[in-house]
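Engineer: I have a structure here, written as structure tokens, and I will follow up with some questions on it.
Protein chains: 2
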Amino acid sequence: MYACPVKRQKGTRMEYLEQIGRQAKEAETMLRTLGSAHKDEALVRASKALVSGTEKILQANARDMAAARDRGMSQGLLDRLALSTKRIAAMAEGLSQLAALEDPVGEVLSMKPRPNGLLIGRKRVPLGVVGIIYEARPNVTADAFGLCFKAGNAVILKGGSDALHSNTAIVEILQEALADCGLPQTAVQLVASTDRQVTERLMKLNEYIDVLIPRGGAGLIRTVVQQSTVPVIETGTGNCHIYVDASADLSMATEILFNAKTQRIGVCNACESLVVHEAIADTFLPIAADRLAEKQVELRGDERAMAAESRILPASEEDWGCEYLDYILSVKTVRDIEEAIAHINRYNTGHSEAIITRDYDNAQRFLDAVDAAAVYVNASTRFTDGGEFGMGAEIGISTQKLHARGPMGLKELTSTKYVIYGNGQVRP
Amino acid sequence: MYACPVKRQKGTRMEYLEQIGRQAKEAETMLRTLGSAHKDEALVRASKALVSGTEKILQANARDMAAARDRGMSQGLLDRLALSTKRIAAMAEGLSQLAALEDPVGEVLSMKPRPNGLLIGRKRVPLGVVGIIYEARPNVTADAFGLCFKAGNAVILKGGSDALHSNTAIVEILQEALADCGLPQTAVQLVASTDRQVTERLMKLNEYIDVLIPRGGAGLIRTVVQQSTVPVIETGTGNCHIYVDASADLSMATEILFNAKTQRIGVCNACESLVVHEAIADTFLPIAADRLAEKQVELRGDERAMAAESRILPASEEDWGCEYLDYILSVKTVRDIEEAIAHINRYNTGHSEAIITRDYDNAQRFLDAVDAAAVYVNASTRFTDGGEFGMGAEIGISTQKLHARGPMGLKELTSTKYVIYGNGQVRP
Numbered sequence: 037m038y039a040c041p042v043k044r045q046k047g048t049r050m051e052y053l054e055q056i057g058r059q060a061k062e063a064e065t066m067l068r069t070l071g072s073a074h075k076d077e078a079l080v081r082a083s084k085a086l087v088s089g090t091e092k093i094l095q096a097n098a099r100d101m102a103a104a105r106d107r108g109m110s111q112g113l114l115d116r117l118a119l120s121t122k123r124i125a126a127m128a129e130g131l132s133q134l135a136a137l138e139d140p141v142g143e144v145l146s147m148k149p150r151p152n153g154l155l156i157g158r159k160r161v162p163l164g165v166v167g168i169i170y171e172a173r174p175n176v177t178a179d180a181f182g183l184c185f186k187a188g189n190a191v192i193l194k195g196g197s198d199a200l201h202s203n204t205a206i207v208e209i210l211q212e213a214l215a216d217c218g219l220p221q222t223a224v225q226l227v228a229s230t231d232r233q234v235t236e237r238l239m240k241l242n243e244y245i246d247v248l249i250p251r252g253g254a255g256l257i258r259t260v261v262q263q264s265t266v267p268v269i270e271t272g273t274g275n276c277h278i279y280v281d282a283s284a285d286l287s288m289a290t291e292i293l294f295n296a297k298t299q300r301i302g303v304c305n306a307c308e309s310l311v312v313h314e315a316i317a318d319t320f321l322p323i324a325a326d327r328l329a330e331k332q333v334e335l336r337g338d339e340r341a342m343a344a345e346s347r348i349l350p351a352s353e354e355d356w357g358c359e360y361l362d363y364i365l366s367v368k369t370v371r372d373i374e375e376a377i378a379h380i381n382r383y384n385t386g387h388s389e390a391i392i393t394r395d396y397d398n399a400q401r402f403l404d405a406v407d408a409a410a411v412y413v414n415a416s417t418r419f420t421d422g423g424e425f426g427m428g429a430e431i432g433i434s435t436q437k438l439h440a441r442g443p444m445g446l447k448e449l450t451s452t453k454y455v456i457y458g459n460g461q462v463r464p
Numbered sequence: 037m038y039a040c041p042v043k044r045q046k047g048t049r050m051e052y053l054e055q056i057g058r059q060a061k062e063a064e065t066m067l068r069t070l071g072s073a074h075k076d077e078a079l080v081r082a083s084k085a086l087v088s089g090t091e092k093i094l095q096a097n098a099r100d101m102a103a104a105r106d107r108g109m110s111q112g113l114l115d116r117l118a119l120s121t122k123r124i125a126a127m128a129e130g131l132s133q134l135a136a137l138e139d140p141v142g143e144v145l146s147m148k149p150r151p152n153g154l155l156i157g158r159k160r161v162p163l164g165v166v167g168i169i170y171e172a173r174p175n176v177t178a179d180a181f182g183l184c185f186k187a188g189n190a191v192i193l194k195g196g197s198d199a200l201h202s203n204t205a206i207v208e209i210l211q212e213a214l215a216d217c218g219l220p221q222t223a224v225q226l227v228a229s230t231d232r233q234v235t236e237r238l239m240k241l242n243e244y245i246d247v248l249i250p251r252g253g254a255g256l257i258r259t260v261v262q263q264s265t266v267p268v269i270e271t272g273t274g275n276c277h278i279y280v281d282a283s284a285d286l287s288m289a290t291e292i293l294f295n296a297k298t299q300r301i302g303v304c305n306a307c308e309s310l311v312v313h314e315a316i317a318d319t320f321l322p323i324a325a326d327r328l329a330e331k332q333v334e335l336r337g338d339e340r341a342m343a344a345e346s347r348i349l350p351a352s353e354e355d356w357g358c359e360y361l362d363y364i365l366s367v368k369t370v371r372d373i374e375e376a377i378a379h380i381n382r383y384n385t386g387h388s389e390a391i392i393t394r395d396y397d398n399a400q401r402f403l404d405a406v407d408a409a410a411v412y413v414n415a416s417t418r419f420t421d422g423g424e425f426g427m428g429a430e431i432g433i434s435t436q437k438l439h440a441r442g443p444m445g446l447k448e449l450t451s452t453k454y455v456i457y458g459n460g461q462v463r464p
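Top line first, the protein sequences correspond to chains A and B. Residue numbers for the first sequence follow our numbering, beginning at 37 and rising by one. Residue numbers for the second sequence follow our numbering, beginning at 37 and rising by one.
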């Protein structure tokens with residue numbers, strides 16, 4: 037039943053994908069009505085199987101690492117590709133944590149009678165078949181399977197070719213665990229081809245795939261958005277702003293800014309731009325610059341900002357739209373909150389934005405008018421995260437407005453259907 | 037400010053679309069925080085303006101009709117294109133009904149404190165800029181504007197070229213009404229080009245458009261799904277089934293089948309296929325055939341069905357997947373409910389499916405296992421409709437699983453955002 041390894045691939049690559057698609061649909065039909073207890077049992081078993089399969093996974097990972105080193109992969113990427121006993125244990129722990137979460141499927145969100153006696157309910161159901169296209173991190177393989185499976189979905193995984201052996205080993209272990217529980221192994225399948233055309237075809241497999249979620253850098257996401265005919269959930273980049281209002285508590289503003297900029301620089305909810313009310317620029321910018329100097333953050337600002345603080349370098353137009361993911365921060369001064377809102381709405385990526393203020397009206401205005409997945413008053417943008425939001429687990433952070441916006445947990449991996457109870461009603 | 041008429045189009049057609057996109061985004065920024073009272077006032081004014089503009093609309097429509105007749109348009113399409121005082125009054129009535137509906141925007145769907153004191157809420161917000169691509173019916177112009185506007189969205193309309201004069205007249209009247217209320221006219225804009233490349237570019241205007249909704253035939257919808265890089269909500273075709281179980285009340289089954297097949301044949305929630313448990317085929321099919329003969333419905337069935345009722349003609353494999361939109365019905369016999377479910381899930385389009393039964397377990401099983409936007413027990417599939425579901429108005433019926441499934445009303449034209457109230461929280 038296992039359809040993944042290249043060595044078993046028969047016929048053309050398109051037949052191969054068709055087969056994966058058909059098998060996923062078959063598995064989905066079974067998962068659609070599978071009870072929570074059965075799903076949780078399988079997750080726990082898969083978790084244990086990952087731990088006992090540690091040696092197999094590490095051997096496969098060693099092959100990927102050796103090949104990557106031979107190709108001259110950078111240290112940063114090698115770090116993301118590398119697995120260890122500890123990382124495998126964390127993957128396993130992720131699956132058993134999922135087993136403990138509430139099953140989103142089957143909840144009836146509303147049910148109301150109509151005047152004609154029809155009782156119309158809206159029920160949460162799985163999305164169906166979810167495709168995940170991702171890059172080098174092999175831990176995504178187990179995470180994505182766990183989240184999709186818990187929400188009743190079959191999943192088709194297309195990982196980076198650098199991680200092919202690691203991913204294959206992980207998926208084999210997950211499939212064996214499913215089989216041990218009497219469940220279809222094809223609930224998780226890996227597209228084990230490194231052929232670019234296969235990925236292109238995967239993005240057009242509308243007959244079998246209900247939604248595609250790309251996980252990775254901006255380039256990957258753009259490619260999927262542009263080429264896919266299957267509906268996509270865009271998980272995205274974050275050009276996140278912190279606006280320090282005239283009435284802000286400046287020490288709070290400094291600490292929040294320091295946290296949002298430097299606590300972890302390579303993530304999408306890190307702060308990339310500081311927006312400052314000009315009335316406090318002269319007092320606040322030197323304090324902020326002092327604090328950020330502790331981490332050697334480079335500041336690039338407009339003329340007013342440079343006049344207030346000599347360590348600020350000149351910013352170009354490009355800086356306003358830049359997600360640095362580095363120890364760099366752009367600094368924009370504004371005359372009032374409306375200019376701050378307009379600047380943010382022009383340059384942001386719809387991820388996370390914060391205002392630091394003591395003014396009630398400005399706080400409310402900012403929350404209403406800023407267009408982003410998460411808008412904060414007096415807190416760090418770094419909290420935009422499924423775990424921090426109490427979702428228990430996260431498949432990504434959506435920066436689009438359709439279907440899901442912000443951190444996506446189990447509920448975001450479901451759809452709904454209408455269930456209608458009648459007793460002979462016909463339409464007049 | 038009005039950007040629509042071709043005569044004012046400057047520069048290339050791409051600049052033209054860019055301008056429409058930019059203007060829609062500007063309008064959206066204003067609509068995002070517009071209060072309900074103001075929106076409702078504008079809807080009422082637009083409703084009155086349509087009535088007082090009847091003569092202008094009819095003149096424009098007469099030009100479209102004359103040109104269409106010259107091109108030899110079929111009577112059916114001419115009927116859809118034609119406006120009358122009565123049809124314009126119905127469009128106006130639609131807008132004033134929308135004013136009376138509850139505003140979906142601004143509702144906080146949940147708000148909970150986290151252990152660190154952050155108060156995290158999820159608030160309903162407009163989608164932003166909605167693009168509607170539709171065919172000949174000019175009444176869609178006012179309907180789509182009204183729904184999008186009430187939900188706080190700016191709308192870009194691309195109607196069929198056959199209706200260009202009618203649509204232009206309607207949009208001009210709507211824009212004047214908006215201006216009279218001090219609102220941006222660009223909250224509704226018509227792409228007044230008949231150039232196919234403009235439509236193709238519109239489908240890739242991700243920078244400005246948050247979602248595209250195609251309304252029309254299967255060909256239009258397929259084109260938009262395949263070519264668009266903007267997220268699409270697929271409103272779709274309906275190959276709807278009625279399964280008559282062994283325990284069904286046969287007179288109820290007959291009346292529901294007759295209603296679902298013949299009450300209105302050209303619609304997506306009409307029944308296209310009858311699935312019958314073989315245990316009752318001999319008794320039920322002659323009764324059903326008698327009733328359907330009143331409307332000269334042609335029956336095409338499998339061998340078992342033909343053996344039970346001589347008026348049934350042989351069906352081909354193609355029949356099972358066909359949305360006839362005509363007085364034709366396919367008839368499939370099955371050994372049990374599981375075969376019925378498998379048949380339906382294989383050939384349906386995910387729209388509306390019904391079971392007629394007196395068996396409790398079979399009713400529940402059918403509701404759970406059939407994969408469709410709306411699943412009925414003992415009722416006609418014809419009820420899948422925003423009005424019948426109590427939504428007040430409908431922009432279409434989604435047959436995809438992402439974002440919205442089934443009839444889409446005002447809520448389905450919104451997104452959400454997280455609003456987070458803090459008091460200095462930073463991420464440890």
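Just so you know, even glycine gets a beta-carbon here, dropped at the ideal spot from N, CA and C.
When the Cα atoms are used, what is the spatial distance from B/Cys184 to A/Asp372?
Structural biologist: So the alpha carbons of these two residues sit roughly 31 Å apart.
Engineer: Any heavy atom of the ligand FMN within a distance shorter than 8 Å of the CB on A/Asp106?
Structural biologist: Looking for the ligand FMN in the displayed structure turns up nothing, as the structure carries no ligands at all.
Engineer: In terms of alpha-carbon separation, which member of B/Thr65, B/Tyr454, B/Asp407 lies closest to A/Phe425?
Structural biologist: The shortest C-alpha separation from A/Phe425 is found at B/Tyr454.
Engineer: With 8 Å as the limit, tell me which residues of the region 412-432 of chain A have their beta carbon closer than that to any beta carbon of chain B; keep them in chain order.
Structural biologist: Listed in sequence order: Tyr412, Val413, Asn414, Ala415, Ser416, Arg418, Phe419, Thr420, Glu424, Phe425, Gly426.
Engineer: Taking C-beta pairs closer than 9 Å, name the residues in chain B that A/Tyr457 reaches, listed in chain order.
Structural biologist: Near A/Tyr457 (Cβ distances below 9 Å), the residues of chain B are Ala399, Leu403, Tyr412, Val413, Asn414, Ala415.
Engineer: Measure from the C-beta of B/Asn384 to each C-beta in chain A and report whether the shortest distance is under 9 Å.
Structural biologist: With 9 Å as the cut-off, B/Asn384 does not count as an interface residue toward chain A.
Engineer: Which bits of chain B does A/Thr265 rub up against, with CB to CB less than 7 Å?
Structural biologist: The answer, in chain order, is Val261, Gln262.
Engineer: For B/Pro141, which residues from the same chain have a beta carbon less than 7 Å from its beta carbon, with the 5 sequence-adjacent residues on both sides left out?
Structural biologist: The residue asked about is misnamed: residue 141 of chain B is Val in this sequence, not Pro. Closer than 7 Å at Cβ, skipping near neighbours: Arg160, Val161, Pro162, Ala187, Gly188, Thr450.
Engineer: So what's B/Ala289 in DSSP terms, helix, strand or just coil?
Structural biologist: Reduced to three states, the DSSP call for B/Ala289 is helix.
Engineer: Is any beta-carbon of chain A found at less than 9 Å from that of B/Asp285?
Structural biologist: Chain A, which has a Cβ nearer than 9 Å to the Cβ of B/Asp285, makes this yes.
Engineer: Within the continuous beta strand (DSSP E) that includes A/Cys276, where are the two ends?
Structural biologist: Looking at the DSSP string, the run of the beta strand (DSSP E) that includes A/Cys276 is 276-280.
Engineer: Which residues in the same chain as B/Gly153 place their Cβ atom closer than 8 Å to its Cβ, once the five residues preceding and following it in sequence are excluded?
Structural biologist: Around B/Gly153: Gly458, Asn459, Gln461.
Engineer: Out of A/Ala103, A/Gly89, A/Met50, A/Ser416, point me to the one whose CA is closest to A/Ser229's CA.
Structural biologist: Among A/Ala103, A/Gly89, A/Met50, A/Ser416, the Cα nearest to that of A/Ser229 belongs to A/Met50.
Engineer: Just to confirm my understanding: we take A/Arg340, look at its own chain, exclude 5 residues before and 5 after, and list those with CB closer than 7 Å. What are they?
Structural biologist: Glu314, Ala317, Thr369, listed in sequence order.
Engineer: Residues of the region 289-316 of chain A in Cβ contact with chain B at a cutoff of 7 Å, in chain order, please.
Structural biologist: Those residues of the region 289-316 of chain A that come within reach of chain B (Cβ to Cβ, closer than 7 Å) are Glu291, Ile292, Asn295, Gln299.
Engineer: Any idea if B/Val224 is buried or exposed, counting beta-carbon neighbours within 10 angstroms, 16 or more meaning buried?
Structural biologist: Per the 10 Å Cβ criterion, buried.
Engineer: Chain B beta carbons: is any one of them nearer than 9 Å to that of A/Ala409?
Structural biologist: Taking Cβ atoms only, chain B reaches closer than 9 Å to A/Ala409, which makes this a yes.
Engineer: Out of B/Glu270, B/Gln332, B/Leu137, B/Ile323, which has the shortest C-alpha to C-alpha gap to B/Thr298?
Structural biologist: Checked all of B/Glu270, B/Gln332, B/Leu137, B/Ile323; the closest Cα to B/Thr298 is B/Gln332.
Engineer: I want to verify the contact list: residues of chain B whose CB lies under 8 Å from the CB of A/Val247, in sequence order.
Structural biologist: The answer, in chain order, is Lys437, Leu438.
Engineer: For A/Gln461, does the three-state DSSP call read helix, strand or coil?
Structural biologist: A/Gln461 falls in the strand class under three-state DSSP.
Engineer: Taking the alpha-carbon of B/Trp281 as reference, which of B/Ser434, B/Ala376, B/Leu335 has the nearest alpha-carbon?
Structural biologist: In the sequence under discussion, the amino acid at residue 281 of chain B is Asp, which differs from the Trp named in the question. If we check each option's Cα against that of B/Asp281, B/Ala376 comes out closest.
Engineer: When you compare the CB of A/Leu134 with every CB in chain B, is at least one pair closer than 9 Å?
Structural biologist: Taking Cβ atoms only, chain B never reaches closer than 9 Å to A/Leu134, which makes this a no.
Engineer: Classify B/Thr121: buried if its beta carbon has 16 or more other beta carbons within 10 angstroms, exposed otherwise.
Structural biologist: With fewer than 16 Cβ atoms within 10 Å of its Cβ, B/Thr121 is classed as exposed.
Engineer: Is there a C-beta anywhere in chain A that falls below 9 Å from the one on B/Tyr244?
Structural biologist: No, no contact with chain A.
Engineer: What residues of chain A sit near B/Val462, judged by a beta carbon separation below 7 Å?
Structural biologist: Residues of chain A passing the Cβ test: Glu291, Ile292, Asn295, Ser416.
Engineer: If you pair each beta-carbon of the region 196-210 of chain A with each one of the region 170-177 of chain A, do three or more pairs fall below 8 Å?
Structural biologist: As far as the Cβ criterion goes, the region 196-210 of chain A touches the region 170-177 of chain A, which means the pair count is three or higher.
Engineer: Per DSSP, what kind of secondary structure is A/Arg382 in: helix, strand or coil?
Structural biologist: Three-state result, A/Arg382: helix.
Engineer: Just list the residues that DSSP pairs B/Lys194 with in beta bridges.
Structural biologist: Beta-bridge pairing links B/Lys194 to B/Ile169.
Engineer: Closest to A/Arg99 by CA distance: which of A/Ser132, A/Thr204, A/Cys276 is it?
Structural biologist: The shortest Cα separation from A/Arg99 among A/Ser132, A/Thr204, A/Cys276 belongs to A/Thr204.
Engineer: Taking the alpha-carbon of A/Gln465 as reference, which of B/His387, B/Pro267, B/Lys447, B/Val411 has the nearest alpha-carbon?
Structural biologist: This structure gives no information on residue 465 of chain A, because the portion of chain A shown stretches from 37 to 464.
Engineer: Given that A/Ile380 touches chain B, what residues does it touch there, using C-beta distances under 7 Å?
Structural biologist: Neighbours of A/Ile380 on chain B: none; closest Cβ ~11 Å, over 7 Å.
Engineer: B/Ala409 to A/Glu334, Cα distance in whole Å?
Structural biologist: Answer to the nearest angstrom: the Cα atoms are 53 Å apart.
Engineer: Let's see if you can read the secondary structure: which residues bound the beta strand (DSSP E) around B/Thr369?
Structural biologist: Element bounds for B/Thr369: 364-370.
Engineer: For A/Ala289 versus A/Ala324, is the C-beta spacing smaller than 9 Å?
Structural biologist: Yes. Within cutoff.
Engineer: Who pairs with B/Ile392 in a beta bridge, going by DSSP?
Structural biologist: Answer by DSSP bridge pairing, in chain order: B/Val280.
Engineer: Is it true that the CB of B/Ala284 sits closer than 9 Å to the CB of B/Ile466?
Structural biologist: Residue numbering for chain B in the displayed model covers 37 to 464; residue 466 of chain B lies beyond these limits and cannot be assessed.
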